[in-house]
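Residue numbers (my numbering): 40 to 226.
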């Protein structure tokens with residue numbers, strides 16, 4: 040069977056290319072033989088894309104990706120295209136911060152951190168938190184990283200005030216796998 044989304048050893052192997060012989064007896068989660076070429080099938084935290092099928096329809100090749108990572112990547116592209124200004128800092132969940140993500144979001148800010156990197160940066164004592172604000176925060180729901188509980192319950196465009204900061208949900212993906220927040224100091 041497939042791993043749960045929190046089994047890092049499996050997640051770290053994604054994206055994966057899966058070669059599949061139709062009708063074989065290996066266990067799988069979805070009707071692989073029923074997909075059309077280049078179509079997606081979403082199951083749990085994963086997205087399967089049929090990349091190619093042989094001419095006799097005996098075997099296929101699939102791309103297996105993290106569904107949340109795809110959602111975050113999509114949101115990052117939307118924000119990067121629509122950004123009217125740069126922000127001091129961009130945050131990503133640690134598991135999803137890749138070199139390609141850093142390049143994509145570099146046009147939004149010179150400072151691109153994972154949440155854990157950001158925590159270390161602001162607790163080092165060298166800088167004040169407000170130097171990094173406002174922050175554009177990309178978030179995958181159900182990640183293990185610590186976060187304010189209210190982030191699960193906000194509506195698009197809604198503000199939440201906590202500890203001297205305002206959190207605004209500015210964009211959420213259609214399947215609510217991921218979202219983008221702006222975090223600002225209250226002044």
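Ideal Cβ positions, reconstructed from N, Cα and C, are used throughout, including at glycine.
Can you tell me the Cα-Cα spacing of residue 176 and residue 151, whole angstroms?
Residue 151 has its alpha-carbon roughly 10 Å from the corresponding atom of residue 176.
Tell me whether residue 158 sits in a helix, a strand or coil according to DSSP, three-state version.
DSSP places residue 158 in the helix class (H, G or I) of the three-state scheme.
Go through its chain and collect everything with a Cβ distance to residue 57's Cβ below 6 Å, but skip five positions before and after it.
These residues qualify, in order along the chain: 101, 103.
DSSP three-state assignment for residue 163, whether helix, strand or coil
DSSP, reduced to helix, strand and coil, places residue 163 outside both helices and strands of the structure shown, so it counts as coil.
Where are the beta strand (DSSP E) runs, 3 residues long or more, that stay fully inside the stretch 102-177, in chain order?
Counting only unbroken stretches of 3 or more residues, the beta strand (DSSP E) elements lying wholly within the stretch 102-177 are 128-131, 151-153, in sequence order.
Within the continuous beta strand (DSSP E) that includes residue 293, where are the two ends?
Because the chain is modelled from 40 through 226, residue 293 falls outside the range shown and cannot be assessed.
Got a sec? Which residues, its chain only, sit under 7 Å from residue 203 by beta carbon, not counting five neighbours each side?
These residues qualify, in order along the chain: 224, 225.
Rounded C-beta distance between residue 208 and residue 197? I'm assuming under 8 Å.
Right, their Cβ atoms sit about 6 Å apart.
What residues in its chain sit with their C-beta under 7 Å from that of residue 195, if we drop five residues either side in the sequence?
Once the five neighbours on either side are set aside, the close Cβ partners of residue 195 are 208, 211.
Please state if the CB of residue 133 and the CB of residue 148 are separated by a distance shorter than 8 Å.
Not in contact: residue 148 and residue 133 (Cβ atoms no closer than 8 Å).
Start and end residues, beta strand (DSSP E) containing residue 198:
Here the beta strand (DSSP E) through residue 198 covers 198-201.
Selected residue, minimal CA-CA separation from residue 62, among 97, 111, 179
It is 97 whose Cα lies nearest to the Cα of residue 62.
Neighbourhood of residue 125 by C-beta, 7 Å cutoff - its chain only, sequence neighbours within 5 removed
Contacts found: 147, 148.
Inter-stretch contact at 8 Å, needing at least 3 Cβ pairs: the stretch 80-98 / the stretch 114-123
Too few Cβ pairs lie closer than 8 Å, so no.
Residue 138 versus 112, 157, 163, residue with shortest Cα-Cα distance
With respect to the C-alpha of residue 138, the residue from 112, 157, 163 having the closest C-alpha is 112.
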